[in-house]
Amino acid sequence: MTDFIQLHILTSYPPSNLNRDDLGRPKTAVMGGTQRLRISSQSLKRAWRTSDIFMEALSGHVGIRTKEMGNFVYKALTTGVKLTEILERKSEFSIYPKMEEKKAGDISKQIASVFGKLKKGGFEIEQLAHFSPEEIETIENLIIDLAQSDGELTEENIGILRKKNTAVDIAMFGRMLAANTQYNVEAAVQVSHAITVHKVAVEDDFFTAVDDLNNGEEDMGSGHLGETEFAAGLFYIYTCINRDLLKENLGRDEELTEKALKALVEAALTISPTGKQNSFASRAYASYVLAEKGTQQPRSLSVAFLKALEEKDLLGSTIKELNNTREKIESVYGKCCEQKEEMNAYTGEGSIQGILKFVAE
Amino acid sequence: MKSYLLFRLYGPLASWGDIAVGTHRPSYDHPSKSAVMGLLAAAVGIRRDEENKHRELAEAYNFAVLVNSPGVFLRDYHTAQIPSVSSIKKQKHIDTRKGELGVEKEKLTAVLSSRDYYSDSLYTIAICSKEEHSEAFPYPLELLEKKLNEPEFVLYLGRKSCPLALPVEAKIIDCNGLKEAFDKVEFKCEPLLRLLKKQKQARLYWEGEENGLIPIHTIMRRDLTLSRKRWQFADRKEHYMMLELGE
Numbered sequence: 046m047t048d049f050i051q052l053h054i055l056t057s058y059p060p061s062n063l064n065r066d067d068l069g070r071p072k073t074a075v076m077g078g079t080q081r082l083r084i085s086s087q088s089l090k091r092a093w094r095t096s097d098i099f100m101e102a103l104s105g106h107v108g109i110r111t112k113e114m115g116n117f118v119y120k121a122l123t124t125g126v127k128l129t130e131i132l133e134r135k136s137e138f139s140i141y142p143k144m145e146e147k148k149a150g151d152i153s154k155q156i157a158s159v160f161g162k163l164k165k166g167g168f169e170i171e172q173l174a175h176f177s178p179e180e181i182e183t184i185e186n187l188i189i190d191l192a193q194s195d196g197e198l199t200e201e202n203i204g205i206l207r208k209k210n211t212a213v214d215i216a217m218f219g220r221m222l223a224a225n226t227q228y229n230v231e232a233a234v235q236v237s238h239a240i241t242v243h244k245v246a247v248e249d250d251f252f253t254a255v256d257d258l259n260n261g262e263e264d265m266g267s268g269h270l271g272e273t274e275f276a277a278g279l280f281y282i283y284t285c286i287n288r289d290l291l292k293e294n295l296g297r298d299e300e301l302t303e304k305a306l307k308a309l310v311e312a313a314l315t316i317s318p319t320g321k322q323n324s325f326a327s328r329a330y331a332s333y334v335l336a337e338k339g340t341q342q343p344r345s346l347s348v349a350f351l352k353a354l355e356e357k358d359l360l361g362s363t364i365k366e367l368n369n370t371r372e373k374i375e376s377v378y379g380k381c382c383e384q385k386e387e388m389n390a391y392t393g394e395g396s397i398q399g400i401l402k403f404v405a406e
Numbered sequence: 002m003k004s005y006l007l008f009r010l011y012g013p014l015a016s017w018g019d020i021a022v023g024t025h026r027p028s029y030d031h032p033s034k035s036a037v038m039g040l041l042a043a044a045v046g047i048r049r050d051e052e053n054k055h056r057e058l059a060e061a062y063n064f065a066v067l068v069n070s071p072g073v074f075l076r077d078y079h080t081a082q083i084p085s086v087s088s089i090k091k092q093k094h095i096d097t098r099k100g101e102l103g104v105e106k107e108k109l110t111a112v113l114s115s116r117d118y119y120s121d122s123l124y125t126i127a128i129c130s131k132e133e134h135s136e137a138f139p140y141p142l143e144l145l146e147k148k149l150n151e152p153e154f155v156l157y158l159g160r161k162s163c164p165l166a167l168p169v170e171a172k173i174i175d176c177n178g179l180k181e182a183f184d185k186v187e188f189k190c191e192p193l194l195r196l197l198k199k200q201k202q203a204r205l206y207w208e209g210e211e212n213g214l215i216p217i218h219t220i221m222r223r224d225l226t227l228s229r230k231r232w233q234f235a236d237r238k239e240h241y242m243m244l245e246l247g248e
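Protein chains in written order, with the numbering used here: chain A, 46 to 406; chain B, 2 to 248.
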């Protein structure tokens, strides 16, 4: 018997082009004989796992985003001041032996390169990296150890540095290395393609841009002509988490599993795909979520929208239809889950905290 | 009398991997034996690396599929962003997707593929033990039935991003042949699927000898699982005919 957690999420995106095909058109699918807008599973997962929320929710606290951790590590090593105190710009008391500059430089580079690619000549990395408070503490302890023992950085030390985030990312979404199957990890999280609950016709926006320096004396034409396709939709997103497999992938660490679940759900409810966000600013939070827990065969509730909805009060009737269908399925097949919990931003009932708590415990 | 295990496969999207080389990932127009045996394996909790158990499953049962609704073909253009090889050469540890994409923007490239799916499709699957094996090898049909309704791993339609949208309603039918089994079986999900284009004459694919069924033609299909580790499959004979369905 396996514990499954299922999430049924409704998110409404205004005109947007979040996930496009090879012609730059929003992706679509046919369901119940009518065309719907679609956001692929891969697109959703990418947005979630690269989000800051994911990292921050995991550590439980907001961390630091910086390219310059290497500089601070170097400073800590050469001055003997605690790393956290340097980062918080507190006192400047040396509490452990200072390291000579060359060795400190090597170690700083090695530590920094765990988090990103080093820039030429220096300890900075090329991109912002997120450091959770726990990671910073780990680095600090490592520095003190090395300074006191005058030791070298080992592979093992380096491995410890990013263990947690690595584990969670791969535990959830899996890894497949065709060349090296022993490192394969079976994904514990299943994410469906998001599909709108209503019919969608993709629209064309023909746009022109004016040349500001064209005074109209010779040529009244526009400076640029273009076309972009877009559509708006209320999406049904379904996710199923194999809780037992997730925990197994995380080395049976219950606390980490709970954090991972919360991070995933929070990201799923608040993070939008990044496609064409600068042109459409179509960011949206989920309007509704139904979370279920149980050992029964998981199933999506997409049949609720097999008949495309057309009501004026679309969100309200979608929520109603979702729950009606759920009840119908239960009355036909018997119980489909043991417990459930709702968050409804349409009526203002429930809360994200309630959902996170329900899912994690 | 023979026992058949019947169940329904429905989800908004499904993908039944055909022989795939390179960037094009085609889908067969009906479930492959390897996909359905993989589904049973997931239900009973066989892991990907348990080669022998997968082989046993594939070899112990005959498999048939009735295409109740063929669905609509969908080709998905799929891109995945990756850093260029040179930009991560010196980076020993790439731990997360975020980390992987953390290089400078100009250094990101993409791998492209096109993946085929069917939407709005509905299938009925039938499984029976091959005559040369005892009925309980390697799993009795009753166990498969129970496990499908309460699986160990999540079940999906060919790709993990294609979840099932209704319970599979696994049930055992005792009768004199495949045709009778399909006539006899009733699924509770019918009223929920009114909008699918279901056909009175449906395509039926099966393997082995079946009482009273005469194939229109027989094709070779390379979907008999040999090794999931090495991704090897053997040829298998698949018969085909059109089946008239009763009301």
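All C-beta atoms in this analysis are idealised placements derived from N, C-alpha and C, irrespective of residue type, glycine included.
> Along the chain, where does the beta strand (DSSP E) that runs through ASP117 (chain B) open and close?
Replying inline: 109 to 130
>> Going by DSSP in three states, ASP358 (chain A) sits in which element: helix, strand or coil?
In response: Reduced to three states, the DSSP call for ASP358 (chain A) is coil.
> Within 8 Å (strictly less), CB to CB, does PRO343 (chain A) reach chain B?
Replying inline: With 8 Å as the cut-off, PRO343 (chain A) counts as an interface residue toward chain B.
> Among the residues of its own chain, which have a CB less than 8 Å from the CB of GLY320 (chain A), if the five just before and after it don't count?
Replying inline: SER61, ASN62, LEU63, ASN64, ARG65 and SER88
> Hey, is the stretch 225 to 239 of chain B in contact with the stretch 29 to 46 of chain B, meaning 3+ C-beta pairs nearer than 8 Å?
Replying inline: Between the stretch 225 to 239 of chain B and the stretch 29 to 46 of chain B, the count of Cβ pairs shorter than 8 Å is three or higher; the stretches touch.
>> Using only CA atoms, which one of A:THR284, A:SER96, A:ALA121 and A:LYS304 lies nearest to SER136 (chain A)?
In response: A:ALA121
> Hey, THR129 (chain A) and LYS143 (chain A): beta-carbon distance below 8 Å or not?
Replying inline: no
> In angstroms, rounded to a whole number, what distance separates the CA positions of TYR264 (chain B) and GLY339 (chain A)?
Replying inline: Given that chain B is displayed from residue 2 to residue 248, the structure contains no residue 264 (chain B) and the question cannot be resolved.
> Rounded C-beta distance between GLY72 (chain B) and ASP117 (chain B)? I'm assuming under 8 Å.
Replying inline: With a Cβ gap of about 11 Å, GLY72 (chain B) and ASP117 (chain B) do not count as contacting.
> Do PHE280 (chain A) and THR111 (chain A) have their CB atoms nearer than 8 Å?
Replying inline: no
> Roughly how many angstroms lie between the CA atoms of SER347 (chain A) and THR363 (chain A), to the nearest whole one?
Replying inline: 11 Å
> Helix, strand or coil: how does DSSP classify MET46 (chain A) here?
Replying inline: coil
>> Judging by CA-CA distance, which residue of B:LEU123, B:ARG229, B:LEU145 and B:PRO84 is the nearest neighbour of GLU107 (chain B)?
In response: B:PRO84
> From which residue to which residue does the alpha helix (DSSP H) around GLN155 (chain A) run?
Replying inline: Here the alpha helix (DSSP H) through GLN155 (chain A) covers 146 to 160.
> Buried or exposed: where does VAL155 (chain B) fall if 16 or more other Cβ atoms within 10 Å of its Cβ makes it buried?
Replying inline: buried
> Would you call the CB atoms of VAL126 (chain A) and SER139 (chain A) closer than 8 Å?
Replying inline: yes
> Skipping 5 residues on each side, what residues in its chain have a beta carbon closer than 6 Å to that of ALA390 (chain A)?
Replying inline: SER332
> Measuring CA to CA, which of B:LYS238, B:LEU142 and B:LEU67 is closest to GLU181 (chain B)?
Replying inline: B:LEU67
> How close, in whole Å, do the beta carbons of ALA61 (chain B) and PHE138 (chain B) come, if the pair is a contact with beta carbons under 8 Å?
Replying inline: Correct: roughly 6 Å between the Cβ atoms.
> Just by C-beta distance, which residues in the stretch 152 to 167 of chain B are closer than 8 Å to chain A?
Replying inline: PRO152, GLU153, PHE154, VAL155, LEU156, TYR157, LYS161, SER162, CYS163, PRO164, LEU165, ALA166 and LEU167
> Between which two residues does the beta strand (DSSP E) containing PRO228 (chain B) stretch?
Replying inline: The displayed chain sequence assigns Ser, not Pro, to residue 228 (chain B). That run of the beta strand (DSSP E) goes 218 to 228.
>> Buried or exposed for LYS380 (chain A), going by 16 or more other Cβ atoms inside 10 Å?
In response: exposed
> Mapping DSSP to helix, strand and coil, what is THR199 (chain A)?
Replying inline: coil
> Taking C-alpha atoms, which residue in A:LYS147, A:GLU171 and A:GLN193 lies nearest to TYR141 (chain A)?
Replying inline: Among A:LYS147, A:GLU171 and A:GLN193, the Cα nearest to that of TYR141 (chain A) belongs to A:GLN193.
>> If I follow the unbroken alpha helix (DSSP H) through PRO178 (chain A), where does it start and stop?
In response: 178 to 194
>> Output needed for GLU143 (chain B): all residues of its chain with C-beta closer than 8 Å, excluding positions within five of it in sequence on either side, in chain order.
In response: ILE173
> In terms of DSSP beta bridges, what is ASP250 (chain A) paired with?
Replying inline: Looking at the DSSP output, ASP250 (chain A) bridges to A:THR273.
> Hey, quick one: how far does the alpha helix (DSSP H) through LYS99 (chain B) stretch, first residue to last?
Replying inline: 98 to 101
>> Counting beta carbon pairs with one atom in the stretch 265 to 283 of chain A and one in the stretch 239 to 257 of chain A, are three or more of them shorter than 8 Å?
In response: Verdict: yes, contact present.
>> Under 8 Å: do the stretch 237 to 244 of chain A and the stretch 280 to 290 of chain A share three or more Cβ pairs, one atom per stretch?
In response: Yes, the stretch 237 to 244 of chain A touches the stretch 280 to 290 of chain A.
> Between GLU372 (chain A) and ALA349 (chain A), is the Cβ-Cβ spacing less than 8 Å?
Replying inline: no
> When the Cα of MET221 (chain B) is compared with those of B:TRP207, B:VAL112 and B:ARG195, which residue comes out closest?
Replying inline: Ranked by how close their Cα comes to the Cα of MET221 (chain B), the residues B:TRP207, B:VAL112 and B:ARG195 have B:TRP207 in first place.
> Out of curiosity, what's the CA-to-CA distance linking GLY46 (chain B) and GLU153 (chain B)?
Replying inline: 5 Å
> With 8 Å set as the bound, which would you pick, yes or no: does the beta-carbon of PHE168 (chain A) sit closer than that to a beta-carbon of chain B?
Replying inline: no
> Do the CB positions of ARG70 (chain A) and GLU274 (chain A) come within less than 8 Å of each other?
Replying inline: Going by C-beta atoms, ARG70 (chain A) is nearer than 8 Å to GLU274 (chain A).
> What number of angstroms, rounded off, separates the C-alpha of ASP195 (chain A) from the C-alpha of LEU173 (chain A)?
Replying inline: 30 Å
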